[in-house]
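Residue 555 in my numbering is what sits at position 25 of the sequence shown, and the numbering runs on without skipping anything.
We put the CB at the ideal spot given by N, CA and C, even for glycine.
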Amino acid sequence: MHDLTREQLETLSIRPGSPLLICDVDEVVVHFTRDFETYLGARELELDTMSLALSGNVKHRASGVPIPDPDLQTLVTEFFMDRTLHMEPIDGAIESLQSLAEDCQIVMLTNLPHEAGALRRRNLEGHGCPTLSSPTADQKAPRSPPYPKWPMRPSSSSTTAQPLSRLPISTRRMCI
531 MHDLTREQLE TLSIRPGSPL LICDVDEVVV HFTRDFETYL GARELELDTM SLALSGNVKH
591 RASGVPIPDP DLQTLVTEFF MDRTLHMEPI DGAIESLQSL AEDCQIVMLT NLPHEAGALR
651 RRNLEGHGCP TLSSPTADQK APRSPPYPKW PMRPSSSSTT AQPLSRLPIS TRRMCI
């Protein structure tokens with residue numbers, strides 16, 4: 531896990547006993563693929579969607595040759611820096627999260643370059659997305675294992691917050 535992601539997670543104040551929803555952002559709350567494909571098209575590139583990976587699947591439109599990974603990382607960072615504030619919500623996503631927020635805590639865990647993290651938070655806030663926080667998972671770092679042992683501060687309640695891995699499974703898992 532990237533150090534900045536760990537720092538962001540350590541600042542969360544989770545209420546034990548209250549349902550916790552950890553939600554992805556791209557293609558769950560906001561459109562990513564359609565905006566990314568438009569961005570690529572303006573650069574004579576295209577996205578091969580035969581797999582979920584970006585590496586090897588962003589190709590030159592004329593030749594079909596994938597762009598090298600270092601160029602891809604630069605392109606993705608530039609895309610998020612340029613387009614994150616303009617990403618539109620998926621129909622019903624914000625309303626669903628607002629409804630869920632009445633009964634649970636929501637953390638948006640998003641996989642984008644850390645440089646674009648503040649832009650992502652502004653975009654979500656601008657759409658009315660109710661969240662405790664929006665930690666960013668750096669694309670260059672390996673993904674975390676399921677249910678990582680995130681250290682957490684005590685919440686304002688009389689109960690001390692616990693690492694997510696120690697909370698009852700009913701608190702940890704919610705599928706939408």
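In whole angstroms, what separates the C-alpha of residue i from that of residue j?
i       : j       : result
Arg-722 : Leu-575 : Given a span of 531 to 706 for the chain in the structure shown, any question on residue 722 remains unanswerable.
Ser-629 : Gly-658 : 12 Å
Asp-612 : Asn-641 : 16 Å
Asp-633 : Ser-548 : 8 Å
Please state whether the Cβ-Cβ distance between residue i and residue j is less than 8 Å.
i       : j       : result
Asp-578 : Asn-587 : yes
When DSSP builds the beta bridges, which residues end up paired with residue i?
i       : result
Leu-577 : Val-588
Asp-556 : Val-560
Gln-635 : Leu-550
Pro-660 : Partner(s): none; Pro-660 has no beta bridge.
Pro-596 : Lys-589
Excluding the 5 residues preceding and the 5 following residue i in the sequence, name in chain order all residues of the same chain whose CB lies nearer than 7 Å to its CB.
i       : result
Ile-595 : For clarity, residue 595 is Val in the given sequence; the question names Ile instead. Cβ within range, chain order: Lys-589.
Leu-570 : Glu-576, Leu-577 and Val-588
Ser-687 : Interpretation of Ser-687 is limited by its pLDDT of 43, a score under 50 that renders its predicted location unreliable; the figure taken from the coordinates is listed afterwards. Arg-545, listed in sequence order.
Pick helix, strand or coil for residue i, following the three-state DSSP scheme.
i       : result
Leu-642 : coil
Leu-493 : Because residue 493 is not part of the residues shown, which for the chain are 531 to 706, the question remains open.
Spatial neighbours of residue i within its chain, please: CB distance less than 6 Å, with the 5 preceding and 5 following residues excluded, ordered by chain position.
i       : result
Ile-597 : Val-588
Ala-623 : Val-559
Going along the chain, which residues of its own chain have a beta-carbon closer than 8 Å to the beta-carbon of residue i, five neighbours each way excluded?
i       : result
Glu-567 : Glu-576 and Leu-577
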